[in-house]
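Heads up: the sequence shown runs through residues 16 to 109, numbered per the numbering used here.
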Amino acid sequence: MLDLLLFCLVVFGTVNIITVSKIGAPWRKKASEINTKLGDLFHCPMCMGFWVGLVLSFWKSPTDFILFDAILGSAAAWIIYCITWSLALKDPRL
Numbered sequence: 016m017l018d019l020l021l022f023c024l025v026v027f028g029t030v031n032i033i034t035v036s037k038i039g040a041p042w043r044k045k046a047s048e049i050n051t052k053l054g055d056l057f058h059c060p061m062c063m064g065f066w067v068g069l070v071l072s073f074w075k076s077p078t079d080f081i082l083f084d085a086i087l088g089s090a091a092a093w094i095i096y097c098i099t100w101s102l103a104l105k106d107p108r109l
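Structure, rendered in structure tokens:
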């Protein structure tokens, strides 16, 4: 169970760095210059979550089923992303 939680958090962290953070901005810009669809992928947490989950499942799979890991990564990234942004929008300091 801890492996599953850790997997979801690693996927979310990686996806957040790639799709939202300033660190990932050069990657997003370069991906958009190469191809608009690739740029869309680098701006979409749910889409990128699938691919990050797929790649990470080759390293450490919590379920031993690679496709399920990719879908789980996508769902985890999207759910945590939505929760964090909804909490951020309710913050009066923003």
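For every residue, glycine included, the Cβ atom is placed at its ideal position computed from N, Cα and C.
Residue environment analysis places Leu87 among the buried positions, since at least 16 neighbouring C-beta atoms fall within 10 angstroms of its C-beta. With contacts defined as CB atoms closer than 8 Å, Ser72 and Ala90 fail to qualify as a contacting pair.
In the DSSP annotation of this structure, the continuous segment of the alpha helix (DSSP H) that includes Asn31 starts and ends at Leu17 to Thr34. Annotation: Phe65 to Leu19 spans about 15 Å, alpha carbon to alpha carbon. Our two residues, Ile95 and Ala103, have alpha carbons roughly 12 Å apart in a direct line. A residue is called buried once 16 or more other Cβ atoms fall within 10 Å of its Cβ, and Pro60 is buried on that count. Excluding sequence positions up to five before and after Ser76, its CB lies within less than 7 Å of the CB of Asp84, all in the same chain and listed in chain order.
Using a Cβ distance threshold of 8 Å, Val30 and Val70 do not count as a contacting pair. Taking 8 Å as the upper bound for CB-CB distance, Ala92 and Val25 are not in contact here, some 10 Å apart.
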